Amino acid sequence: MSNQPIGVFDSGVGGTSIWKEIQKLLPNENTIYLADSKNAPYGEKSQEEILQLSIKNTNLLLEKGCKIIVVACNTATTNAISYLRTNYSLPFIGIEPAIKPAALQSESKTIGVLATKGTLSSSLFHSTSENHAHGIKVIEQEGTGLVPLIENGKVDAEETRLLLNTYVEPMLDQGMDCLVLGCTHYPYLIPVLKRVLPVHVKIIDSGEAVARQVKAILEKNDILNTSEKLVKHQFYTNVNPDVLKSFVEGVANNILVGQLDF
(Lines of atoms letter the chains of each structure in order from A and count residues from 1; the text may use other names and numbers.)
(Lines give C-alpha, C1' and ligand atoms only; values in the text may rest on other atoms or scores of the structure.)
Protein backbone atom coordinates (compact mmCIF):
# COMPACT_ATOMS: atom_id res chain seq x y z
CA MET A 1 0.00 0.00 0.00
CA SER A 2 2.93 2.36 0.60
CA ASN A 3 3.50 2.53 -3.17
CA GLN A 4 -0.05 3.77 -3.79
CA PRO A 5 -0.38 7.47 -4.60
CA ILE A 6 -1.25 10.43 -2.45
CA GLY A 7 -4.49 11.95 -3.76
CA VAL A 8 -4.97 15.71 -3.84
CA PHE A 9 -8.00 17.68 -4.98
CA ASP A 10 -8.94 21.33 -5.27
CA SER A 11 -11.44 23.53 -7.06
CA GLY A 12 -8.81 24.20 -9.72
CA VAL A 13 -5.09 24.90 -9.94
CA GLY A 14 -4.67 26.52 -6.51
CA GLY A 15 -4.00 23.28 -4.65
CA THR A 16 -0.86 22.79 -6.71
CA SER A 17 0.72 25.20 -4.20
CA ILE A 18 0.09 22.50 -1.58
CA TRP A 19 1.14 19.70 -3.94
CA LYS A 20 4.52 21.41 -4.49
CA GLU A 21 5.20 21.45 -0.74
CA ILE A 22 4.22 17.77 -0.44
CA GLN A 23 6.39 16.78 -3.40
CA LYS A 24 9.34 18.73 -2.00
CA LEU A 25 9.10 17.09 1.44
CA LEU A 26 8.16 13.60 0.17
CA PRO A 27 10.00 13.08 -3.15
CA ASN A 28 9.47 9.29 -3.12
CA GLU A 29 5.67 9.56 -3.16
CA ASN A 30 3.48 9.03 -6.23
CA THR A 31 0.70 11.60 -6.52
CA ILE A 32 -2.61 12.14 -8.31
CA TYR A 33 -4.06 15.65 -8.48
CA LEU A 34 -7.60 16.62 -9.48
CA ALA A 35 -8.24 20.21 -10.60
CA ASP A 36 -12.01 20.67 -10.58
CA SER A 37 -11.71 23.94 -12.50
CA LYS A 38 -15.08 23.46 -14.19
CA ASN A 39 -16.71 24.08 -10.81
CA ALA A 40 -14.36 26.79 -9.51
CA PRO A 41 -14.60 28.68 -7.30
CA TYR A 42 -16.09 26.49 -4.58
CA GLY A 43 -16.20 29.51 -2.25
CA GLU A 44 -19.32 30.91 -3.89
CA LYS A 45 -21.33 27.66 -3.74
CA SER A 46 -23.69 26.33 -1.04
CA GLN A 47 -22.45 23.91 1.60
CA GLU A 48 -24.43 21.07 0.00
CA GLU A 49 -22.90 21.77 -3.43
CA ILE A 50 -19.40 21.84 -1.92
CA LEU A 51 -20.06 18.55 -0.12
CA GLN A 52 -21.28 16.81 -3.29
CA LEU A 53 -18.28 18.04 -5.29
CA SER A 54 -15.94 16.83 -2.54
CA ILE A 55 -17.60 13.40 -2.54
CA LYS A 56 -17.28 13.20 -6.33
CA ASN A 57 -13.56 14.05 -6.18
CA THR A 58 -12.96 11.63 -3.32
CA ASN A 59 -14.63 8.75 -5.15
CA LEU A 60 -12.52 9.34 -8.26
CA LEU A 61 -9.28 9.39 -6.23
CA LEU A 62 -10.34 6.17 -4.50
CA GLU A 63 -10.99 4.55 -7.89
CA LYS A 64 -7.41 5.47 -8.79
CA GLY A 65 -6.07 3.71 -5.70
CA CYS A 66 -5.05 6.60 -3.45
CA LYS A 67 -3.92 5.75 0.08
CA ILE A 68 -4.55 9.19 1.60
CA ILE A 69 -6.40 12.27 0.35
CA VAL A 70 -5.38 15.88 0.81
CA VAL A 71 -8.34 18.26 0.54
CA ALA A 72 -6.21 21.08 -0.88
CA CYS A 73 -9.01 23.61 -0.72
CA ASN A 74 -9.88 25.71 2.32
CA THR A 75 -13.57 25.90 1.36
CA ALA A 76 -13.91 22.14 0.84
CA THR A 77 -12.08 21.48 4.11
CA THR A 78 -14.27 23.77 6.17
CA ASN A 79 -17.50 22.51 4.60
CA ALA A 80 -16.91 18.82 3.89
CA ILE A 81 -13.96 17.23 5.68
CA SER A 82 -15.88 16.11 8.77
CA TYR A 83 -18.30 14.22 6.50
CA LEU A 84 -15.45 12.68 4.50
CA ARG A 85 -13.63 11.51 7.63
CA THR A 86 -16.83 9.97 8.99
CA ASN A 87 -17.85 8.17 5.81
CA TYR A 88 -14.54 6.95 4.34
CA SER A 89 -11.92 4.72 5.93
CA LEU A 90 -8.71 6.30 4.59
CA PRO A 91 -6.98 9.34 6.16
CA PHE A 92 -7.90 12.88 5.05
CA ILE A 93 -5.72 15.96 5.47
CA GLY A 94 -7.44 19.33 5.35
CA ILE A 95 -6.40 22.95 4.95
CA GLU A 96 -7.23 25.66 7.46
CA PRO A 97 -6.22 29.33 7.38
CA ALA A 98 -3.03 29.74 9.41
CA ILE A 99 -4.61 31.95 12.07
CA LYS A 100 -2.60 30.51 14.98
CA PRO A 101 0.90 31.32 13.60
CA ALA A 102 -0.32 34.74 12.47
CA ALA A 103 -1.70 35.50 15.91
CA LEU A 104 1.60 34.45 17.52
CA GLN A 105 3.67 36.59 15.13
CA SER A 106 1.55 39.74 15.08
CA GLU A 107 3.05 42.66 16.99
CA SER A 108 0.13 44.99 16.29
CA LYS A 109 -2.34 42.32 17.46
CA THR A 110 -4.20 42.79 14.17
CA ILE A 111 -4.22 40.19 11.43
CA GLY A 112 -5.98 40.03 8.09
CA VAL A 113 -7.50 36.91 6.53
CA LEU A 114 -7.99 36.91 2.77
CA ALA A 115 -10.27 34.01 1.88
CA THR A 116 -13.38 32.97 -0.04
CA LYS A 117 -16.91 33.52 1.20
CA GLY A 118 -17.30 29.75 1.67
CA THR A 119 -14.35 29.63 4.07
CA LEU A 120 -15.11 32.80 6.03
CA SER A 121 -18.76 31.82 6.59
CA SER A 122 -17.99 28.30 7.83
CA SER A 123 -18.29 27.14 11.43
CA LEU A 124 -14.80 25.59 11.31
CA PHE A 125 -13.24 28.94 10.40
CA HIS A 126 -15.00 30.68 13.27
CA SER A 127 -14.04 28.01 15.79
CA THR A 128 -10.40 28.25 14.63
CA SER A 129 -10.51 32.03 15.07
CA GLU A 130 -12.04 31.74 18.54
CA ASN A 131 -9.50 29.12 19.65
CA HIS A 132 -6.33 30.80 18.38
CA ALA A 133 -6.97 34.55 18.22
CA HIS A 134 -7.60 35.59 21.83
CA GLY A 135 -6.81 39.28 22.16
CA ILE A 136 -6.23 39.53 18.41
CA LYS A 137 -8.27 41.60 15.98
CA VAL A 138 -9.08 39.42 12.96
CA ILE A 139 -10.08 41.33 9.82
CA GLU A 140 -11.93 39.11 7.35
CA GLN A 141 -11.80 39.96 3.65
CA GLU A 142 -13.49 38.03 0.86
CA GLY A 143 -11.17 37.67 -2.14
CA THR A 144 -14.01 37.81 -4.65
CA GLY A 145 -12.75 37.52 -8.22
CA LEU A 146 -9.21 36.38 -7.43
CA VAL A 147 -9.70 32.65 -8.09
CA PRO A 148 -11.09 33.17 -11.63
CA LEU A 149 -8.13 35.45 -12.46
CA ILE A 150 -5.65 32.78 -11.30
CA GLU A 151 -7.60 30.03 -13.09
CA ASN A 152 -7.24 32.06 -16.29
CA GLY A 153 -3.48 32.46 -15.83
CA LYS A 154 -3.71 36.18 -14.96
CA VAL A 155 -1.52 36.05 -11.85
CA ASP A 156 0.63 39.00 -12.89
CA ALA A 157 -2.08 41.00 -14.67
CA GLU A 158 -2.69 44.64 -13.79
CA GLU A 159 -6.33 43.89 -12.96
CA THR A 160 -5.16 41.35 -10.38
CA ARG A 161 -2.86 43.88 -8.72
CA LEU A 162 -5.60 46.52 -8.64
CA LEU A 163 -8.09 44.07 -7.12
CA LEU A 164 -5.60 43.02 -4.45
CA ASN A 165 -5.01 46.68 -3.63
CA THR A 166 -8.70 47.23 -2.95
CA TYR A 167 -8.70 44.25 -0.56
CA VAL A 168 -5.54 44.94 1.44
CA GLU A 169 -5.73 48.73 1.82
CA PRO A 170 -8.65 48.69 4.32
CA MET A 171 -6.84 46.02 6.36
CA LEU A 172 -3.65 48.08 6.38
CA ASP A 173 -5.63 51.12 7.51
CA GLN A 174 -6.72 49.10 10.56
CA GLY A 175 -3.13 48.19 11.49
CA MET A 176 -2.73 44.70 10.00
CA ASP A 177 0.84 43.38 10.19
CA CYS A 178 0.16 39.73 9.21
CA LEU A 179 -1.87 38.61 6.21
CA VAL A 180 -3.20 35.04 6.25
CA LEU A 181 -3.84 33.51 2.84
CA GLY A 182 -7.02 31.49 3.37
CA CYS A 183 -7.26 29.93 -0.10
CA THR A 184 -4.75 27.60 -1.75
CA HIS A 185 -4.91 29.66 -4.95
CA TYR A 186 -3.58 32.73 -3.17
CA PRO A 187 0.09 31.71 -2.62
CA TYR A 188 0.52 32.27 -6.35
CA LEU A 189 -0.24 35.93 -5.64
CA ILE A 190 2.63 36.32 -3.15
CA PRO A 191 4.96 38.08 -5.67
CA VAL A 192 2.17 40.58 -6.43
CA LEU A 193 1.28 40.97 -2.74
CA LYS A 194 4.91 41.77 -1.91
CA ARG A 195 4.69 44.67 -4.35
CA VAL A 196 1.50 46.10 -2.82
CA LEU A 197 2.15 45.44 0.89
CA PRO A 198 4.58 47.33 3.16
CA VAL A 199 7.72 45.31 3.94
CA HIS A 200 6.77 44.85 7.61
CA VAL A 201 3.61 42.87 6.76
CA LYS A 202 4.17 39.11 6.98
CA ILE A 203 2.40 36.87 4.48
CA ILE A 204 1.40 33.53 5.99
CA ASP A 205 0.10 30.40 4.25
CA SER A 206 -0.21 26.82 5.41
CA GLY A 207 1.54 24.85 2.63
CA GLU A 208 4.61 23.67 4.55
CA ALA A 209 2.55 22.77 7.62
CA VAL A 210 0.19 20.68 5.50
CA ALA A 211 3.10 18.79 3.92
CA ARG A 212 4.50 18.02 7.37
CA GLN A 213 1.10 16.75 8.49
CA VAL A 214 0.86 14.48 5.43
CA LYS A 215 4.24 12.99 6.29
CA ALA A 216 3.24 12.50 9.93
CA ILE A 217 0.00 10.69 9.01
CA LEU A 218 1.79 8.46 6.47
CA GLU A 219 4.34 7.51 9.12
CA LYS A 220 1.65 6.93 11.75
CA ASN A 221 -0.21 4.58 9.39
CA ASP A 222 3.02 2.92 8.21
CA ILE A 223 2.32 3.78 4.55
CA LEU A 224 5.24 6.12 3.84
CA ASN A 225 6.84 5.21 0.51
CA THR A 226 10.54 4.54 1.10
CA SER A 227 11.12 3.02 -2.35
CA GLU A 228 13.44 4.99 -4.62
CA LYS A 229 11.78 3.77 -7.80
CA LEU A 230 10.80 6.42 -10.34
CA VAL A 231 7.71 8.21 -9.05
CA LYS A 232 4.78 9.34 -11.18
CA HIS A 233 2.73 12.52 -10.81
CA GLN A 234 -0.64 12.50 -12.57
CA PHE A 235 -2.64 15.72 -12.94
CA TYR A 236 -6.21 15.80 -14.24
CA THR A 237 -8.43 18.77 -15.02
CA ASN A 238 -11.94 18.95 -16.46
CA VAL A 239 -11.17 22.03 -18.58
CA ASN A 240 -8.38 22.90 -21.04
CA PRO A 241 -5.18 21.62 -19.36
CA ASP A 242 -2.86 24.41 -20.57
CA VAL A 243 -3.15 26.58 -17.43
CA LEU A 244 -2.66 23.59 -15.12
CA LYS A 245 0.42 22.58 -17.14
CA SER A 246 1.88 26.05 -16.70
CA PHE A 247 1.68 25.72 -12.91
CA VAL A 248 3.33 22.28 -12.60
CA GLU A 249 5.59 21.59 -15.58
CA GLY A 250 9.25 21.51 -14.64
CA VAL A 251 8.58 21.16 -10.90
CA ALA A 252 9.34 17.42 -10.83
CA ASN A 253 10.16 14.58 -13.19
CA ASN A 254 7.57 12.29 -14.77
CA ILE A 255 4.62 14.68 -14.70
CA LEU A 256 1.54 13.79 -16.76
CA VAL A 257 -1.15 16.45 -17.26
CA GLY A 258 -4.39 15.37 -18.90
CA GLN A 259 -8.01 16.32 -19.38
CA LEU A 260 -10.71 14.16 -17.79
CA ASP A 261 -14.46 14.59 -17.55
CA PHE A 262 -15.33 14.44 -13.86
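Under my numbering, the first residue of the sequence shown is numbered 35, with each subsequent residue one higher.
Where a beta carbon is used, it is the ideal one built from N, C-alpha and C, also for glycine.
In this text, all values refer to a predicted model and were calculated from it rather than measured experimentally.
Per DSSP, what kind of secondary structure is residue i in: helix, strand or coil?
i: H168; result: coil
i: E63; result: coil
i: Q175; result: strand
i: H219; result: coil
i: V226; result: helix
i: N113; result: helix
i: V277; result: helix
i: V189; result: coil
i: F296; result: coil
i: I257; result: coil
i: K263; result: coil
i: V282; result: helix
i: L118; result: helix
i: L231; result: coil
i: S157; result: helix
i: S163; result: helix
Could you spell out where the alpha helix (DSSP H) holding residue i opens and where it closes?
i: G241; result: G241 to K254
i: Y76; result: Neither: Y76 is in no alpha helix (DSSP H) and is coded neither H nor E.
i: L95; result: Q81 to E97
i: L196; result: E192 to D207
i: K134; result: I133 to Q139
i: I13; result: Limits of the chain in this structure are 35 at one end and 296 at the other, which puts residue 13 out of reach.
Specify, as a first and last residue, the run of the beta strand (DSSP E) that residue i falls within.
i: T150; result: Where T150 is concerned, there is no enclosing beta strand (DSSP E), given that its DSSP letter is neither H nor E.
i: F269; result: H267 to T271
i: L290; result: I289 to Q293
Give the DSSP bridge partners of residue i, in chain order.
i: D44; result: A69
i: V214; result: V147 and I238
i: V104; result: V42 and I127
Determine the contact status of residue i and residue j, defining contact as a CB-CB distance below 8 Å.
i: Y67; j: V105; result: no
i: N108; j: A149; result: yes
i: E63; j: V282; result: no
i: A191; j: L183; result: yes
i: D295; j: N259; result: no
i: P125; j: N255; result: yes
i: G284; j: S51; result: no
i: A136; j: V189; result: no
i: C217; j: T178; result: no
i: F269; j: L290; result: yes
i: A132; j: A250; result: no
i: T298; j: I103; result: The chain is shown from 35 up to 296; residue 298 falls before or after that span and cannot be answered.
i: T112; j: S156; result: yes
i: E164; j: V277; result: no
i: S71; j: G187; result: no
Rank the options by C-alpha distance to the C-alpha of residue i and give the top, closest one.
i: L206; options: K171, I251 and P221; result: K171
i: Y122; options: L95, G46 and H160; result: L95
i: D211; options: H267, E193 and H234; result: H234
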